[in-house]
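Residue numbers (the working numbering): 70 to 200.
Following this line, the structure appears as C-alpha cells:
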C-alpha cells in the first residue's frame with residue numbers, strides 16, 4: 070500500500086447510502102423554500118451527512134433505525150455535504166445555525182427549533198417534536 074492509498078480522501082467503499090425510502094434528497098436552495106412552507110403544517114427533519122466521516126455514517130445508520138422503530142412520520146430531508154456543501158451554508162444562514170457534520174435540524178414554523186450534531190443527534194426523542 071502506498072502513501073496515496075493510505076491518506077487519500079476518496080470516498081470509502083464501505084459507505085452505506087441513506088435509505089431512500091425514508092429520505093427526500095435536499096439538492097437545491099428551492100428545497101429550503103419547500104421545507105419552510107411545509108414546516109408551518111408539520112415539523113420537518115433535515116439531516117446533514119458527510120459520507121467521508123465515520124461518525125456521520127454511524128449516526129445515520131442508528132438514526133434510520135430509530136426512525137423506523139418509532140414510526141416517525143416527519144418529512145425527512147437528507148443533505149449530502151460532499152455533493153452540496155454550498156447548500157449547507159445556505160441552511161446555516163436561513164435557519165441561523167452553525168454548520169456541523171453530521172447535523173440534525175428540526176424545522177417548525179419556518180425556524181430551527183432544535184439542532185444537534187455528532188452522537189448527540191441520537192439523544193433526541195424525535196416524537197417530542199410532533200405537532
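Even glycine gets a Cβ: it sits at the ideal position worked out from N, Cα and C.
All of these numbers come straight from a predicted model, not from anything done at the bench.
**Prompt:** Does the Cβ of residue 171 have 16 or more other Cβ atoms within 10 Å, making it buried, or fewer, making it exposed?
**Reply:** Translated into positions along the chain shown, residue 171 becomes position 102. Buried, since its Cβ has 16 or more Cβ neighbours within 10 Å.
> Quick one: what's got a C-beta closer than 6 Å to residue 70's C-beta in the same chain, skipping five residues either side?
Replying inline: The residue given as residue 70 occupies position 1 in the chain shown. Reliability of the predicted coordinates at residue 70 is poor, the pLDDT of 46 falling under 50, and the value obtained from them is presented with this limitation in mind. Closer than 6 Å at Cβ, skipping near neighbours: no residue.
Please classify residue 178 as buried or exposed, where buried requires at least 16 other C-beta atoms within 10 Å of its C-beta. For the purposes of this step, residue 178 is taken as residue 109 along the chain shown, with counting starting at 1. It is exposed - the Cβ of residue 178 has fewer than 16 other Cβ atoms within 10 Å.
message = Measuring only the C-alpha atoms, how far is residue 146 from residue 140?
response = Numbered from its first residue, the chain shown carries residue 146 at position 77. Numbered from its first residue, the chain shown carries residue 140 at position 71. If you take the alpha carbons of residue 146 and residue 140, they lie about 16 Å apart.
Per-residue DSSP class, three states only, for residue 131 | Counting from 1 along the chain shown, the entry for residue 131 is found at position 62. If DSSP states are grouped into helix, strand and coil, residue 131 belongs with the helices.
My assumption, with CB atoms under 8 Å, is that residue 174 sits in contact with residue 190. Please give the rounded CB distance. Here residue 174 refers to the residue found at position 105 when the chain shown is read from its first residue. Here residue 190 refers to the residue found at position 121 when the chain shown is read from its first residue. 10 Å between Cβ atoms; not a contact.
*Kindly indicate the opening and closing residues of the alpha helix (DSSP H) around residue 159.*
Here residue 159 is taken as the residue at index 90 of the chain shown, counted from 1. Note, residue 159: alpha helix (DSSP H), 154-164.
- With burial defined as no fewer than 16 other Cβ atoms inside 10 Å of the residue's Cβ, what is the status of residue 90: buried or exposed? Here the question's residue 90 lines up with position 21 in the chain shown. So residue 90 counts as exposed.
Q.
Classify residue 112: buried if its beta carbon has 16 or more other beta carbons within 10 angstroms, exposed otherwise.
A. Taking the chain shown and counting its residues from 1, one reaches residue 112 at position 43. It counts as buried.
message: Looking at residue 117: is its Cβ nearer than 7 Å to the Cβ of residue 148?
response: Residue mapping note: residue 117 aligns to position 48 of the chain shown, counting from 1. Residue mapping note: residue 148 aligns to position 79 of the chain shown, counting from 1. The answer is yes: Cβ separation under 7 Å.
Checklist line | Proximity to residue 104 [Cα-Cα], best of 192, 180, 193, 136 | finding: Locating residue 104 in the chain shown gives position 35, counting from the first residue. Measuring from the Cα of residue 104, the nearest candidate turns out to be 180.
request  = Let me know the secondary structure DSSP gives residue 193 once reduced to three states.
outcome  = Within the chain shown, the letter at position 124 stands for residue 193. Of the three classes helix, strand and coil, the one that applies to residue 193 here is coil, per DSSP.
Interface flag, residue 122 vs chain D, CB-CB below 7 Å: Reference to chain D is not applicable here, since this structure consists of a single protein chain.
- Item | Where the beta strand (DSSP E) through residue 173 begins and ends | By one-based count along the chain shown, residue 173 stands at place 104. Counting along the chain, the beta strand (DSSP E) containing residue 173 begins and ends at 172-177.
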